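Worksheet: one structure, shown below.
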Amino acid sequence: MPNDKTPSSPPRSPGIPVVVSIEEKNKQADASNPVLSSLPQKYIPSTPTTMPLPPPPAYSERDREQGFIGRMKRKVRRNAKLNEERISAICVPIFLTWLLVASFFAGLLFYRYFGHRAAESTFYRWCGTDYLDSDMEEPQRLEQKLEINQEELYERIQVPKFGINRPAVFVHDFRKNITAIVDILGERCFLKDLDRSLVAPPKNFIDLIQKMEKGYYAQNPRVIRETYRVGDRLNPLELKGLGSAMVSKHCQGKEVFRLEKVAPTPDERFYGQRRRRDAPNSLNFAVLTGENVELENIIL
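Our numbering numbers the first residue of the sequence shown as 243 and each following residue consecutively.
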């Protein structure tokens, strides 16, 4: 038809081949395609073109500084946390070791201080005296070892065996008003009330011993005879219930009995108590309690 326009091919030069690009071939194919020519123009696909990528955002110098500083801050915080953990791991064992060593030396100092004070407040001596009993023809020599504490208010007197008297330990507790006679050979303990009229208190006893050592006091002790009968036996709970640390210390693990005082008969007052002291079923003990020598006879 005269109105149809067909794309004319470029003029050819004789002897020179014409090179057609792929894009031009695609256009020629699209133009000659009847399906595409019947479609509206807007549905005809255009030749795809390569879209350029958007340019990267422009960072200012301030943005770069903030980014660098932020990274450095985060890095510093991480390093600080790691350093803190490392320091804690090192310092905690060192602190615990120091605390242990300090506690050890503090305990040692306290022990020495209070032990030294206890040693200073405790009076230790050996003392002795001669006494004459009416039932004896010759004087007897009594020697004993003293341990007296004025702060704790106790007296511990250890008497070795001499004559018919058995070795024993006398414990006078002035706080609880208890006297304990510990029979060393028999592993027994006899308890009675503390007689303050016969037993000198700790301070007076120490003064008396010091005067005796300096020669200011002439020894002339009075002999006191006491007779007791073995009473009820105490169990460990009853012994602990007395509340005397010194008595419990010396009587623990031993048979413990209470003593009941026996009043002398008229014949014994007149003839003395030698017959009772020589009885085979009795125990004899002697102790210096200040200005008195007590002769204890315990009937089993």
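Even glycine gets a Cβ: it sits at the ideal position worked out from N, Cα and C.
All of these numbers come straight from a predicted model, not from anything done at the bench.
- Separation of residue 342 and residue 329 (C-alpha to C-alpha, rounded to the nearest whole angstrom) is 20 angstroms.
- Looking at 370, 271, 352 and 432, the one whose alpha-carbon comes closest to that of residue 492 is 432.
- Fewer than three Cβ pairs drawn from the segment 389–403 and the segment 460–473 lie within less than 8 angstroms of each other, which leaves the two stretches out of contact.
- A direct Cα-Cα distance of roughly 31 angstroms separates residue 334 from residue 313.
- Collapsing the DSSP output to three states places residue 428 in coil.
- It is roughly 28 angstroms from the alpha-carbon of residue 476 to the alpha-carbon of residue 444.
- Residue burial is scored here from C-beta neighbours: residue 488 has at least 16 other C-beta atoms within 10 angstroms and is therefore classed as buried.
- Residue pairing from DSSP leaves residue 334 without any beta-bridge partner.
- Take the alpha-carbon of residue 527 and the one of residue 352: they are about 40 angstroms apart.
- Our two residues, residue 374 and residue 439, have alpha carbons roughly 21 angstroms apart in a direct line.
- The beta carbon of residue 497 sits closer than 6 angstroms to those of 430, all from its chain and outside the five residues before and after it, given in chain order.
- Across the set 377, 437, 452 and 380, the C-alpha of 452 shows the shortest separation from the C-alpha of residue 368.
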